[in-house]
Amino acid sequence: MRAGRRLLSSLPALFGVLVFTFLLMRVLPGDPAVFFASGPNAGKEEIEQIRKQMGLDKSVPEQLVFYLSDIGRGNLGRSMMTGQPVLKDLRERLPASLELTFTALLIALIAAVPLGVMAALRPGSVVDHGVRLFCALGVCVPTFVSGLLLIYVFYYLLGLAPDPTGRIDVFTSLPPQRTGFLSIDFLLAGDVDGWWAACKQLILPAVSMALFVIAPLARITRASMLVSLGSDFVRTARSVGLSWRKVVVTYALRNAILPVITIAGIVFSTMLGANVLVEKVFSWPGVASYALDALLSSDYAPVQGFVLLMASLFVLVNLVVDICYGIADPRVSIG
Amino acid sequence: MRFVSFGSATSVLATTALLLIATVPSHAQSRAETLRYVTGASVNTLDPNIPGSTRESFALSMSTYDRLVAFGRKQLNGKWVFDLDTITGELAESYDVSPDGLKITFRLRKDAKFQDGSPVTAEDVKWSLDRCVTAPILGKAQLLTGSLTSADQFKVIDPLTIEVTLPKPDKLALPNLATVYPMIINAKVAKEHATADDPWATAWLKEHTAGSGAYVVETFKPGEQVLLKRDEAWNRGSANKPAFFKRVIIQSVPEPATRANLVERGDADIVVDLQASDVQSLEAKGKLKVISTPQYNAITFVSMNNQMPPFDNVNVRRAIAYALPYDDMFKAALFGRGSPLYGATWTDGKPANGTYPFQQPVKLDLDKAREYLKAAGLPEGFSTTFSFNVGQSSTAEPMAALVKESLGKIGIKVDIQKLPDAQMSTQINEKKLPFYTEGIVAWLPSTDYFYRNFYTGNQRWNYSSINNPDLAAIAQEARFEPDKAKYEEAGRKLNAMHFDLMPQVMLWQPNQDAVMASSIEGYTYEFHRQVDYRDVSRK
């Protein structure tokens, strides 16, 4: 009930994003019609024709009205670049991005939380400095550099990883599409070889993305664990002789996890849009590289569709984060 | 009970193991019969006629559709390139040009079939050519350059004969029919998908094929990959055999370093768009076959807007032509991979021949540049911007820095401007850029075609915005000049004018560097500058 109200209250913000992106794309210099009419003999006629096809021959307010009514009918327009409806493109590519981002976030959390806890338990120790160094390295090295390095070592030198070209080896046949997440679809189809092939493709890009976000997650875990470990209830718990495990995991970590969830939510949203470099390096057919290509060629519809998608996802992710709060700390409720 | 189930489990295991063993060689077998081509671009439509279609789409359509005729091939410095002067039949068994050059009659092959098994008839050919000149598609502007403008020009004589009538004897009419656009479509199938708004089925053909080409499209994922399967019945190849490869995979791999890794590891078979630095290191390693062909139908320019001060002054343009550090630019941008269009010596001050593009007698000579600037009344120099697009930054960025440095020495202050591709093309179209670098390509590289399309009219491809009535008149006249000697003479005149007016500076023709596994044979440099999958085979 409350969740529904929250979703409703985010609609004005979504609408604002929609109109803003629409206007921004029109204000940017660069005429898509000229760009796409670049056959060796394309002249004025072709340019006019494309302009008409894209609806650019009308005035901007008129275009906006058409665009909004299209959106209302669930039509996001057509991409000039791929020649497909934007909705279809996004529907095909979003699972790829989500699968990659989820995996990366999972790897990052599995690595970051223990690292942060270890660092917080012995502040100033060798372990703490080690974690700090690791985090600093992860943040300093841009994802495409770590991606290229991983490819160089694991694909080019060692030959352990499969070729970094998308979600699946070109010679493997795809499972029937159910969720769009290859690793799940393969399991549903009972194809273990396919599942393993898909996972192998996923590991390197997910690790290079995870490396980048381990730092904020580990640092926030450490900081919030320090506060939590120094608080009265932990002192009490220790003084009554509870086991180390109970003190650290049950009392300290559970209380320290809230800020980590918040950051994880933000990190997730950012990763989804900002993993364009990883997608490019690994030829990953995701939404971010799609949007970047569209932006470079001033292909309006895909960029607008992408921004709308990201805004909606952001709303959803925030909702999920709030629900997670409630689970982690019953005192918090979605308001 | 337990024993039985145990037995069945072992037998399952054994069968799996057997299957595994059995599939290994067949996988290797199919790999050898598969061509995997990787590219930074992508196929965005199955009909190359759709406005906005990419070069990869052009190449794909060459394999999925046939044309009436095709270009032959010839050797240029030991490398196979397409030959504009040899036109061979593809769907046409033979063709005759009437003595007055006004009628071309094509006899179709009797055994030619579309991929659905129906025969290719003159009706299909007529429908396809009509579509090309009537529908609002890219083919229209292309066929115009060969005097093919109206559906009335194509006449069905009998089911296997079609006649093309020309208003004037035009040398480019026949070659135009071998280009990408006038592909022959299965009219019966296409018409079924035509609508009142779209009588030429452009929407349907964008995502489906109905051709007679060597390959059938198996899956098409725009922006990712296309899988092709050989049409076993296709026999329009050189030896009346189907194409060599059973399957072709066209895959988009945006990162050039990854493409280089793939081909070096043997996972990809052929790639034509690597960075010059990668090509050089792969060539040095010697494991792969590298075929570098100067793109003899393409040119890279430094262009100046002839209508915009100070470049409206011919002496300013000449000053620029003598102030560019050609050799350094050639090395920095292309690692010397191409053929230069500067540094010629004209002994009698006249062009050596009438072909375009040609080497101009310009070189870096700052004293001469300063004299020209003085003659232009700008001895102190001036300020300007030099633009290039993001898509070309790997070659244009080092070039721009060298231009800035060198022009700075004669007092011209240059600001470098890097523009997103769509912005750059818009500004070129609106004639707003004073000074920039761009490239051109012509599918039918004849001298008059270059001058007519790239040096006349207020249109996008006239980069320098030159407006010289004499030049336009000579080029226009040369188009229909049947006499070879006179044509050559006109070409010489045009080239001399080019050097005198210096509307823009020709820099070089970059190489097409095709890097392929050493087992790949038959690669030919085609007019569309992509790989024609029908050309290649594996040893």
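Line by line, the protein sequences are chains A and B.
For the first sequence, position 22 matches number 22 in the working numbering, and the numbering has no gaps at all.
Throughout, the working numbering is defined as the position within the second sequence, counted from one, plus 335.
Yeah, the Cβ is synthetic: ideal placement off N, Cα and C, and Gly gets one too.
**OP:** Would you please state the rounded distance, in angstroms, between the beta carbons of B:M759 and B:S722? I believe it to be under 8 Å.
**Re:** Numbered from 1 along the second sequence, position 424 holds the residue referred to as residue 759 of chain B. Numbered from 1 along the second sequence, position 387 holds the residue referred to as residue 722 of chain B. That pair is a contact at about 7 Å.
Original post:
With B:Y858 and B:I655 assumed to form a contact (beta carbons below 8 Å), what rounded beta-carbon distance in angstroms separates them?
Top reply: Walking along the second sequence from the start, residue 858 of chain B turns up at place 523. Walking along the second sequence from the start, residue 655 of chain B turns up at place 320. Contact doesn't hold; Cβ gap of about 38 Å is too wide.
**OP:** Would you please verify whether the beta carbon of A:T101 is less than 8 Å from any beta carbon of chain B?
**Re:** As a working mapping, residue 101 of chain A is identified with position 101 in the first sequence. No, because no Cβ of chain B sits closer than 8 Å to the Cβ of A:T101.
**OP:** Could you pull out every residue in the same chain whose Cβ sits closer than 7 Å to the Cβ of B:V292, ignoring the five residues on either side in sequence?
**Re:** One cannot answer for residue 292 of chain B here, as it falls past the ends of chain B, which runs 336 to 874.
Original post:
Would you call the CB atoms of A:P302 and A:A291 closer than 8 Å?
Top reply: Within the first sequence, numbered from 1, the residue matching residue 302 of chain A stands at position 302. Within the first sequence, numbered from 1, the residue matching residue 291 of chain A stands at position 291. Less than 8 Å divides the Cβ of A:P302 from the Cβ of A:A291.
Original post:
Quick one: does A:Q63 have its CB under 8 Å from some CB of chain B?
Top reply: Here residue 63 of chain A corresponds to residue number 63 of the first sequence, with the count starting at 1. Not flagged as an interface residue toward chain B: A:Q63, since no C-beta distance is shorter than 8 Å.
Subject >> contact_flag[the segment 712-731 of chain B, the segment 802-812 of chain B] where n(CB pairs < 8 Å) is 3 or more >> reply: Cβ pair count under 8 Å is below three, so no.
**OP:** Look at the Cβ atom of B:L737, then the Cβ atom of B:A667, and state whether they are nearer than 8 Å.
**Re:** Taking the second sequence and counting its residues from 1, one reaches residue 737 of chain B at position 402. Taking the second sequence and counting its residues from 1, one reaches residue 667 of chain B at position 332. Taking 8 Å as the Cβ cut-off, B:L737 and B:A667 qualify as a contacting pair.
Original post:
Is the segment 241-256 of chain A touching the segment 315-325 of chain A, taking contact as three or more C-beta pairs under 8 Å?
Top reply: Of all C-beta pairs linking the segment 241-256 of chain A to the segment 315-325 of chain A, fewer than three are shorter than 8 Å, placing the two stretches out of contact.
Subject >> Helix, strand or coil at B:R705 according to DSSP, with G and I counted as helix >> reply: Here the question's residue 705 of chain B lines up with position 370 in the second sequence. Looking at B:R705 - three-state DSSP - the assignment turns out to be helix.
**OP:** Taking 8 Å as the cut-off, decide whether the C-beta atoms of B:V725 and B:L754 are in contact.
**Re:** For the purposes of this step, residue 725 of chain B is taken as residue 390 along the second sequence, with counting starting at 1. For the purposes of this step, residue 754 of chain B is taken as residue 419 along the second sequence, with counting starting at 1. Inclusion of B:V725 and B:L754 in the CB contact set at 8 Å is warranted, their separation being smaller than that value.
**OP:** Can you grab the Cα-Cα spacing for the pair B:A357 / A:V192, in whole Å?
**Re:** Locating residue 357 of chain B in the second sequence gives position 22, counting from the first residue. Locating residue 192 of chain A in the first sequence gives position 192, counting from the first residue. Model confidence at B:A357 stands at a pLDDT of 42, short of 50, so the residue's coordinates are unreliable and nothing is read from them.
Original post:
Are any of the Cβ atoms in chain A nearer than 8 Å to that of B:D532?
Top reply: One-based indexing of the second sequence puts residue 532 of chain B at position 197. Not closer than 8 Å to any Cβ of chain A, the Cβ of B:D532 fails to qualify, so no.
Original post:
Between the segment 598-612 of chain B and the segment 734-752 of chain B, are three or more C-beta pairs nearer than 8 Å?
Top reply: Because the criterion of three Cβ pairs below 8 Å is not met, the segment 598-612 of chain B and the segment 734-752 of chain B do not touch.
Original post:
Counting along the chain, where does the beta strand (DSSP E) carrying B:E368 start and finish?
Top reply: For the purposes of this step, residue 368 of chain B is taken as residue 33 along the second sequence, with counting starting at 1. Careful: B:E368 lies outside any beta strand (DSSP E) and carries neither H nor E.
Original post:
Who are B:S872's beta bridge partners in DSSP?
Top reply: Here residue 872 of chain B corresponds to residue number 537 of the second sequence, with the count starting at 1. B:S872 pairs with B:E856.
**OP:** Output, in sequence order along the chain, the residues in the segment 596-615 of chain B whose CB is closer than 9 Å to any CB in chain A.
**Re:** Contact residues of the segment 596-615 of chain B toward chain A are N596, L597, E599, R600, D602, A603 (C-beta to C-beta distance below 9 Å).
Subject >> Rounded C-alpha distance that separates B:V432 from B:I439 >> reply: The residue labelled residue 432 of chain B in the question sits at position 97 within the second sequence. The residue labelled residue 439 of chain B in the question sits at position 104 within the second sequence. Going by the C-alpha atoms only, they are around 4 Å apart.
**OP:** Could you tell me whether any Cβ in chain B is nearer than 8 Å to the Cβ of A:A274?
**Re:** Walking along the first sequence from the start, residue 274 of chain A turns up at place 274. Output row for A:A274: interface = no.
Original post:
Quick one: what does DSSP say B:P675 is sitting in, helix, strand or coil?
Top reply: Against the second sequence, residue 675 of chain B aligns to sequence position 340. When secondary structure is reduced to three states using DSSP, B:P675 falls in the strand class.
Original post:
Taking only beta-carbon atoms, is B:D805 less than 8 Å away from chain A?
Top reply: Here residue 805 of chain B refers to the residue found at position 470 when the second sequence is read from its first residue. So no, B:D805 is outside the interface.
**OP:** Tell me whether the beta-carbon of B:Y868 lies closer than 8 Å to the beta-carbon of B:Q847.
**Re:** For this step, residue 868 of chain B is matched to residue 533 along the second sequence. For this step, residue 847 of chain B is matched to residue 512 along the second sequence. No.
Original post:
Residues in its own chain within less than 7 Å of B:L483 by CB, not counting five upstream and five downstream?
Top reply: The residue given as residue 483 of chain B occupies position 148 in the second sequence. For B:L483, where only same-chain residues beyond five positions count, the Cβ hits under 7 Å are V468, A508, N511.
**OP:** Would you decide whether B:A852 is buried or exposed? Buried here means 16 or more other CB atoms lie within 10 Å of its CB.
**Re:** The count along the second sequence starts at 1 and reaches residue 852 of chain B at position 517. B:A852 is classed as buried because its beta carbon has at least 16 other beta carbons within 10 Å across all chains shown.
Subject >> Contact under 8 Å by Cβ, A:P175 with A:F186 >> reply: The residue given as residue 175 of chain A occupies position 175 in the first sequence. The residue given as residue 186 of chain A occupies position 186 in the first sequence. Taking 8 Å as the Cβ cut-off, A:P175 and A:F186 qualify as a contacting pair.
Original post:
According to the neighbour-count rule (16 or more other Cβ atoms, all chains shown, within 10 Å of its Cβ), is A:W196 buried or exposed?
Top reply: Mapped onto the first sequence, residue 196 of chain A falls at position 196. Classification for A:W196: exposed.
Subject >> Residues near A:A198 in its chain [Cβ-Cβ closer than 7 Å; skip 5 each side] >> reply: Your numbering for residue 198 of chain A matches position 198 in the first sequence. The beta carbon of A:A198 is closer than 7 Å to those of R167, I168, L182, S183, F186 in its chain, skipping five residues each way along the sequence.
Subject >> Beta-carbon gap between B:Y631 and B:N830 smaller than 8 Å >> reply: Position 296 of the second sequence, counted from the start, is the residue given in the question as residue 631 of chain B. Position 495 of the second sequence, counted from the start, is the residue given in the question as residue 830 of chain B. Taking 8 Å as the Cβ cut-off, B:Y631 and B:N830 do not qualify as a contacting pair.
Original post:
Looking at C-alpha atoms only, which residue of B:S799, B:Q615, B:T680 is the closest neighbour of B:V637?
Top reply: The sequence position of residue 637 of chain B within the second sequence is 302, counting from 1. The shortest C-alpha separation from B:V637 is found at B:S799.
**OP:** Using a Cβ-Cβ cut-off of 8 Å, state whether A:S208 counts as contacting chain B.
**Re:** Taking the first residue of the first sequence as 1, we reach residue 208 of chain A at position 208. Residue contact with chain B for A:S208: absent (no Cβ-Cβ distance below 8 Å to any residue of chain B).
**OP:** Return the Cβ separation of B:P557 and B:G375 in integer angstroms, given the expectation that the two are a contact with Cβ distance under 8 Å.
**Re:** As a position in the second sequence, residue 557 of chain B is number 222, starting the count at 1. As a position in the second sequence, residue 375 of chain B is number 40, starting the count at 1. B:G375 and B:P557 do not touch by the CB rule: their CB atoms are close to 15 Å apart, not below 8 Å.
Original post:
In angstroms, rounded to a whole number, what distance separates the CA positions of B:A642 and B:L768?
Top reply: On the second sequence, position 307 is the one that residue 642 of chain B refers to. On the second sequence, position 433 is the one that residue 768 of chain B refers to. The amino acid occupying residue 642 of chain B in the given sequence is Gln; Ala does not appear at that position. Answer to the nearest angstrom: the Cα atoms are 11 Å apart.
**OP:** Figure out for me which residue from B:V649, B:R402, B:N788, B:F670 has the closest Cα to the Cα of B:L479.
**Re:** For the purposes of this step, residue 479 of chain B is taken as residue 144 along the second sequence, with counting starting at 1. Residue nearest to B:L479 within the set B:V649, B:R402, B:N788, B:F670 is B:N788 (criterion: CA-CA distance).
**OP:** Within its chain, find whatever has a CB closer than 7 Å to the CB of B:K703; leave out the 5 residues flanking it on each side and keep chain order.
**Re:** Sequence index remark: in the second sequence, residue 703 of chain B carries index 368 (1-based). These residues qualify, in order along the chain: Y657.
Subject >> C-alpha distance - B:K414 paired with B:S728, whole-angstrom precision >> reply: Position 79 of the second sequence, counted from the start, is the residue given in the question as residue 414 of chain B. Position 393 of the second sequence, counted from the start, is the residue given in the question as residue 728 of chain B. B:K414 and B:S728: Cα-Cα distance of roughly 28 Å.
Subject >> Outcome for B:T554 when other beta-carbon atoms lying within 10 angstroms are tallied against a minimum of 16 >> reply: As a position in the second sequence, residue 554 of chain B is number 219, starting the count at 1. With fewer than 16 other Cβ atoms within 10 Å, it is exposed.
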